[in-house]
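All the letters of the sequence shown, read from the start, carry residue numbers 48 to 510 under the numbering used here.
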Amino acid sequence: MKTKFLIFVSLILAITSCKKEQPVVDYALFSGKINNTKEKELSVNGNDFKATILIHDDGTFNDTLKIPSKGYYSFIIGPERSRIYLDKGDQLVLSIDTKEFDESIKYTGTAAATNNYLAKKYLLEESFFLKGPKHYEELYSKEPLEFKNTIRQQKDAVIKLLSEFESLNPDFTLLENKDVNYTYLSKLNDYENSHKYYTKKEDFKVPEAYLDELKSLDLDNSEDFNNSPSYRQLSIFTFDRLTREIASRDSIPEEKAFLKNITQIKSKNIKDALIENMSYRVSVRNENAVALYHTLMEVSDDKELKEKLTSKYEKIKLLVKGTDSPSFTDYENYKGGTSSLTDFKGKYVYIDVWATWCGPCKAEIPYLKEVEEKYHDKNIEFVSISVDRKTQHDAWKKMIEEKELGGVQLFADNNFSSQFVVDYAIQGIPRFILVDPEGKIVHASAPRPSNPSLIELFDELNI
Numbered sequence: 048m049k050t051k052f053l054i055f056v057s058l059i060l061a062i063t064s065c066k067k068e069q070p071v072v073d074y075a076l077f078s079g080k081i082n083n084t085k086e087k088e089l090s091v092n093g094n095d096f097k098a099t100i101l102i103h104d105d106g107t108f109n110d111t112l113k114i115p116s117k118g119y120y121s122f123i124i125g126p127e128r129s130r131i132y133l134d135k136g137d138q139l140v141l142s143i144d145t146k147e148f149d150e151s152i153k154y155t156g157t158a159a160a161t162n163n164y165l166a167k168k169y170l171l172e173e174s175f176f177l178k179g180p181k182h183y184e185e186l187y188s189k190e191p192l193e194f195k196n197t198i199r200q201q202k203d204a205v206i207k208l209l210s211e212f213e214s215l216n217p218d219f220t221l222l223e224n225k226d227v228n229y230t231y232l233s234k235l236n237d238y239e240n241s242h243k244y245y246t247k248k249e250d251f252k253v254p255e256a257y258l259d260e261l262k263s264l265d266l267d268n269s270e271d272f273n274n275s276p277s278y279r280q281l282s283i284f285t286f287d288r289l290t291r292e293i294a295s296r297d298s299i300p301e302e303k304a305f306l307k308n309i310t311q312i313k314s315k316n317i318k319d320a321l322i323e324n325m326s327y328r329v330s331v332r333n334e335n336a337v338a339l340y341h342t343l344m345e346v347s348d349d350k351e352l353k354e355k356l357t358s359k360y361e362k363i364k365l366l367v368k369g370t371d372s373p374s375f376t377d378y379e380n381y382k383g384g385t386s387s388l389t390d391f392k393g394k395y396v397y398i399d400v401w402a403t404w405c406g407p408c409k410a411e412i413p414y415l416k417e418v419e420e421k422y423h424d425k426n427i428e429f430v431s432i433s434v435d436r437k438t439q440h441d442a443w444k445k446m447i448e449e450k451e452l453g454g455v456q457l458f459a460d461n462n463f464s465s466q467f468v469v470d471y472a473i474q475g476i477p478r479f480i481l482v483d484p485e486g487k488i489v490h491a492s493a494p495r496p497s498n499p500s501l502i503e504l505f506d507e508l509n510i
């Protein structure tokens, strides 16, 4: 009996040892064909993840993505982007035509169902608004009741679409339901400030109880913060709003309200993100930048973030009124040749840093043209510097022609990495800068053309 048992065990071991061990797949495969593109690469971004994929001359691409976990990611081609959902082991094949970006997206492969749903979802969401850069203005200019009804209808339509995709992974369906709701709440949270911006009604306030749906929002949900981009945005923006409300209610500076508010957050990933988001306000635009810098240095335990913040702070100290302006040299001039900041010495220089893909930048164009017209014979030069990428060079020229842009139109030598942009600590556009006839800084973050205070500033300087 003992002999038979040993033979049986040996047989089992022999059988199991002959089975080939299955390799653990720690990547997703992303490939496809891009029609009508001049781009040489596309990028895939996610939470703590970024990868660049080469686009071949025939528009094809193929690469493995060692994503840290399953979740939402974005692929970016030139100025356009779209969201995808990937898990380790997925194979996703994209077909797209950049002339009809969102409308042309189609997926095949093992992850096709989930991502074809997402592609249809974005088209459905867009169908509620005007196409193009004006759609945000159209949405947020609506009156409160109409706005809320619109985003509710959009939310309900997306939930209905989701229910029609029966083959989706249940985990994804659960996550997507939550993400759709977070998107709705995020728009609700953004409404007051966005309505003020687009309608120029600075005293506008949402009706009482308008934001009641946000009262039960948990701002300390570490799991949703990692998994849902909409929750991540919502939690950061809601935290900002609550910080402003505390500052107003208690009549204290925002940096003190932030310090009071951040102590309520226990999740390290959320706390770090909130601190990093607040660090963008350590800038020449903020008159309380010094106090905010010290506040963030006090509450952060992220060594890398503190080093970056300190480097930025040291630059800001060099951008005060009366110091020599950082310069640019030999930027391509639309009218021919090149131009440098020193070419305009003897005149005030009002510099507009912009890009063709930037909606708020384009919104300032009519106002900038009005100001240029008003001061065309004065001692001031209007210089616009595009930070478009080299692949958008033709789009830059085309927009100058179509919009009949005046002033001096220049193309930066290395977009956002141009030394002039780096030296002025520019992280967002549009950005306006005023330099005096001696090349010294008057205002490192001057008022926008749409702001009446710009004319007041020019009058003070007797321009």
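All C-beta atoms, glycine included, are put in the ideal place defined by N, C-alpha and C.
Beta strand (DSSP E) segment containing residue i, residue limits
{"i": "Val-482", "result": "478-482"}
{"i": "Asn-461", "result": "Note, Asn-461: premise wrong, no beta strand (DSSP E); not H, not E."}
{"i": "Lys-313", "result": "Taken as a continuous stretch (DSSP letters only), Lys-313 belongs to no beta strand (DSSP E), as it is neither H nor E."}
{"i": "Ile-102", "result": "Segment: none, Ile-102 is in no beta strand (DSSP E) and carries neither H nor E."}
Contacts around residue i, its chain only, beta-carbon distance under 7 angstroms, and the 5 residues preceding and following it disregarded
{"i": "Pro-373", "result": "Phe-467, Asp-470 and Tyr-471"}
{"i": "Ala-10", "result": "In the structure displayed, the chain extends from 48 to 510; residue 10 sits before or after that span and is not available."}
{"i": "Gln-69", "result": "Note that Gln-69 scores 49 on pLDDT, short of 50, meaning its location in the model is unreliable; the coordinates nonetheless yield the value given after this. Contacts found: none."}
{"i": "Ile-62", "result": "Only weak support is given to the placement of Ile-62: the predicted model assigns it a pLDDT of 40, under 50, and the question is left unresolved by the model."}
{"i": "Ile-283", "result": "Ala-320, Leu-321 and Asn-324"}
{"i": "Leu-171", "result": "Ala-204, Val-205 and Leu-208"}
{"i": "Lys-189", "result": "Thr-197"}
{"i": "Ile-510", "result": "Tyr-395, Tyr-422, Lys-425, Asn-426 and Ile-427"}
Reduced DSSP category for residue i - H, G, I as helix; E, B as strand; rest coil
{"i": "Val-468", "result": "helix"}
{"i": "Glu-239", "result": "helix"}
{"i": "Tyr-245", "result": "helix"}
{"i": "Phe-176", "result": "coil"}
{"i": "Asn-454", "result": "Note on identity: in this sequence residue 454 is Gly, with Asn being the wrong assignment. Three-state result, Gly-454: coil."}
{"i": "Leu-264", "result": "coil"}
{"i": "Gly-118", "result": "strand"}
{"i": "Leu-365", "result": "helix"}
{"i": "Asp-435", "result": "coil"}
{"i": "Arg-199", "result": "helix"}
{"i": "Ile-510", "result": "coil"}
{"i": "Pro-496", "result": "coil"}
{"i": "Glu-127", "result": "strand"}
{"i": "Gln-69", "result": "Low per-residue confidence applies at Gln-69: pLDDT is 49, beneath 50, and the placement is therefore not dependable enough to give any value."}
Span separating the alpha-carbon of residue i from that of residue j
{"i": "Glu-147", "j": "Lys-181", "result": "18 angstroms"}
{"i": "Val-253", "j": "Lys-262", "result": "15 angstroms"}
{"i": "Leu-165", "j": "Ser-116", "result": "19 angstroms"}
{"i": "Trp-443", "j": "Ile-100", "result": "25 angstroms"}
{"i": "Phe-212", "j": "Ser-275", "result": "20 angstroms"}
{"i": "Ser-214", "j": "Thr-157", "result": "12 angstroms"}
{"i": "Leu-356", "j": "Ala-402", "result": "25 angstroms"}
{"i": "Ile-198", "j": "Lys-487", "result": "48 angstroms"}
{"i": "Gln-456", "j": "Glu-184", "result": "27 angstroms"}
{"i": "Tyr-169", "j": "Leu-306", "result": "37 angstroms"}
{"i": "Ile-143", "j": "Lys-87", "result": "15 angstroms"}
{"i": "Asp-348", "j": "Leu-508", "result": "44 angstroms"}
{"i": "Asp-265", "j": "Val-396", "result": "48 angstroms"}
{"i": "Glu-503", "j": "Glu-270", "result": "49 angstroms"}
Contact check, residue i vs residue j, beta carbons under 7 angstroms
{"i": "Phe-219", "j": "Thr-285", "result": "no"}
{"i": "Arg-495", "j": "Phe-479", "result": "yes"}
{"i": "Phe-194", "j": "Tyr-238", "result": "yes"}
{"i": "Ile-447", "j": "Tyr-381", "result": "yes"}
{"i": "Tyr-74", "j": "Leu-112", "result": "yes"}
{"i": "Val-400", "j": "Ile-432", "result": "yes"}
{"i": "Val-346", "j": "Ile-309", "result": "yes"}
{"i": "Phe-463", "j": "Val-434", "result": "yes"}
{"i": "Tyr-414", "j": "Ser-500", "result": "no"}
{"i": "Ile-123", "j": "Ser-174", "result": "no"}
{"i": "Ala-159", "j": "Val-331", "result": "no"}
{"i": "Ala-304", "j": "Ile-317", "result": "no"}
Segment limits, alpha helix (DSSP H) that includes residue i
{"i": "Trp-443", "result": "440-450"}
{"i": "Asp-33", "result": "Residue 33 lies beyond the residue range present for the chain, which begins at 48 and ends at 510; the question has no answer from this structure."}
{"i": "Gln-280", "result": "276-297"}
{"i": "Phe-186", "result": "Residue 186 is actually Leu in this sequence, not Phe. Note, Leu-186: alpha helix (DSSP H), 182-187."}
{"i": "Tyr-340", "result": "336-346"}
{"i": "Asp-95", "result": "Per DSSP, Asp-95 belongs to no alpha helix (DSSP H) and is neither H nor E."}
Spatial neighbours of residue i in its chain, beta-carbon cut-off 6 angstroms, leaving aside the 5 residues before and after
{"i": "Gly-118", "result": "Asn-274"}
{"i": "Val-140", "result": "Ser-78, Gly-79, Thr-155 and Gly-156"}
{"i": "Tyr-187", "result": "Ser-241, His-242 and Tyr-245"}
{"i": "Gly-93", "result": "Tyr-120"}
{"i": "Trp-404", "result": "Pro-126"}
8 angstroms Cβ shell around residue i - same chain, five flanking residues per side excluded
{"i": "Ser-387", "result": "Ser-374, Phe-375, Thr-376, Asp-377 and Tyr-378"}
{"i": "Glu-419", "result": "Phe-429, Gly-453 and Gly-454"}
{"i": "Val-227", "result": "Lys-202, Val-205, Ile-206, Leu-209 and Ser-277"}
{"i": "Thr-329", "result": "The sequence given here has Val at residue 329, not Thr. Within the same chain, Val-329 has close Cβ partners Ala-336, Leu-339, Tyr-340, Leu-343, Leu-356, Lys-359, Tyr-360 and Ile-363."}
{"i": "Lys-313", "result": "Asp-267"}
beta-carbon residue i near the ligand FMN non-hydrogen atom, thresh 6 angstroms
{"i": "Leu-415", "result": "Of the ligands one can find in the structure shown there are none, so the ligand FMN has no counterpart to examine."}
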